Amino acid sequence: MAKSRARSRVHSERGGPVPEQTISDVRKSVTVAATPEDAFQVFVERPQDWFPPHHVLLKTPRVGIAFDREAGGRYYEWDAEGNEMTWGTIREYVPGEKLILTWRIDARWQPLPDDEKAGFIEVYFTPVDEHHTRVELAHTQIWRVGEGAERMHQALDGPSPGDTLGRYEKLF
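All residue numbers for the sequence shown refer to my numbering, where the first residue is -10 and numbers rise by one.
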């Protein structure tokens, strides 16, 4: 699995700098039997089918999860009472090619109120041949969460494809 390196100065909870750390991106991929356009469509139109049910930011059971269909939009979940929780902002939305999102999760796996300390999720859809697409999902700039970023990286950096992409892959 290829990893790129990102360097950043991380600050402690007391606000002071801690020694500079290098935290690599976490990249995982699957190859699915679909065109890039179809693979992208399944990703953004059917997140309820592949998003792990135990990955919930709401305090009540989630009944839905959705992606807005444009840059500047958001991806979010909601419960039966209509309460919503935003997972992040859509930075780039290029059907059949890529989806770049902020990821509003802190190092304690709790929601962040905005994108200021959010890491990123980058999803790329690359044709392998006429009938197959490589889907790569990368957690990048994990260092932005600050204290606990190394722990978060270790938790994300398990075997590929991981729970999320593994569930997505089974849809094809």
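The C-beta atom is built at its ideal place from N, Cα and C for all residues, glycine as well.
Everything numeric in this text was worked out from a predicted model, so none of it was measured.
Paired residues, beta bridge with residue i - DSSP
i      : result
Val124 : Val19, Phe114
Lys106 : BP columns for Lys106 are empty, so no partner.
Val83  : Lys87
Ile131 : The partner list for Ile131 (beta bridge, DSSP) is empty, contrary to what the question assumes.
Gly77  : Tyr64
Closest Cα partner of residue i within the set the options
i      : options                     : result
Glu125 : Ser13, Thr11, Ile12, Val21  : Val21
Phe114 : Lys17, Arg123, Glu158       : Arg123
Ile12  : Glu73, Glu139, Leu145       : Glu139
Trp132 : Tyr157, Lys87, Ile94        : Ile94
Gln30  : Lys17, Glu86, Val19, Arg156 : Glu86
Asp38  : Lys17, Arg51, Leu46, Glu81  : Arg51
Inter-residue spacing [alpha-carbon to alpha-carbon] between residue i and residue j
i       : j      : result
His121  : Pro150 : 16 Å
Pro8    : Val134 : Confidence at Pro8 is low in this model, with a pLDDT of 37, below 50, so the placement of that residue is unreliable and no value is reported for it.
Thr153  : Pro42  : 10 Å
Met141  : Arg97  : 8 Å
Gly53   : Glu34  : 12 Å
Leu160  : Phe109 : 24 Å
Trp67   : Thr49  : 9 Å
Arg(-2) : Gly137 : Only weak support is given to the placement of Arg(-2): the predicted model assigns it a pLDDT of 40, under 50, and the question is left unresolved by the model.
Pro102  : Glu70  : 20 Å
Gln143  : Asp14  : 11 Å
Glu59   : Pro148 : 31 Å
Leu145  : Glu119 : 31 Å
Glu158  : Val19  : 7 Å
Thr24   : Phe56  : 20 Å
Endpoints, the beta strand (DSSP E) within which residue i is located
i     : result
Arg63 : 63 to 68
Trp39 : No beta strand (DSSP E) contains Trp39, which is instead part of the alpha helix (DSSP H) from 36 to 39.
Ala55 : 51 to 56
Endpoints, alpha helix (DSSP H) assigned at residue i
i      : result
Glu158 : 151 to 158
Ala144 : 138 to 145
Rounded Cβ spacing between residue i and residue j (contact assumed at less than 8 Å)
i     : j     : result
Gly61 : Ile79 : 7 Å
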